[in-house]
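Asks:
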Amino acid sequence: MRDFKKLEVWKLAHALSLDVFRSCGREFSRFPGLRAQTLRAVQSIGSNIAEGSGSEGAEFLRFLGHSLRSTLEVENDLILSRDLGVLRQRDFDRLNERVDHVRRKLISFMRFLRGQE
3 MRDFKKLEVW KLAHALSLDV FRSCGREFSR FPGLRAQTLR AVQSIGSNIA EGSGSEGAEF
63 LRFLGHSLRS TLEVENDLIL SRDLGVLRQR DFDRLNERVD HVRRKLISFM RFLRGQE
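Using the numbering used here, the first residue of the sequence shown is number 3, and each one after it goes up by one.
#1: Can you confirm whether residue 104, when its beta carbon is compared against all beta carbons of chain D, has any partner nearer than 9 Å?
#2: Cα-Cα, which of 66, 112 and 87 is closest to residue 28?
#3: Taking only three categories from DSSP, how would you classify residue 1?
#4: Between which two residues does the alpha helix (DSSP H) containing residue 111 stretch?
#5: Check whether the Cβ atoms of residue 43 and residue 76 sit closer than 9 Å, and answer yes or no.
#6: Who are the Cβ neighbours of residue 4 in its own chain at under 7 Å, not counting the five residues just before and after it?
Here is the structure:
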């Protein structure tokens, strides 16, 4: 069992969640479903890392896979938010870069764990 709060990838996912929550302001009120879905998806990245950290081996990797797929969902929601005009381009660029960074860290961490099996 790992302490998820010590995992770099969880720290990055947590910081991303905070940034997305802060960025989903009044403009998103026109699209409450999109806002809710975006926030659920970004929150699930860190939540799955935390939940999976109580497991070992393939089970932990399964949870990390859920986190990885959630980064794709968040990216899609950010693109939609930008294209609908509820997310400014500069905010989109910042958040999308952070999502990509978390995704790359997750992939690296998963590769590392698979190498330990």
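Quick reminder that beta carbons are idealized off the backbone N, C-alpha and C, glycines included.
Replies: On the basis of the supplied data:
#1: Looking at the structure shown, chain D is missing, and only one protein chain is on hand.
#2: 87
#3: Outside the displayed range of the chain (3 to 119) lies residue 1, so it cannot be described from this structure.
#4: Residue 111: member of the alpha helix (DSSP H) spanning 91-118, first to last residue.
#5: With a cutoff of 9 Å on beta-carbon distance, residue 43 and residue 76 are scored as near each other.
#6: 55
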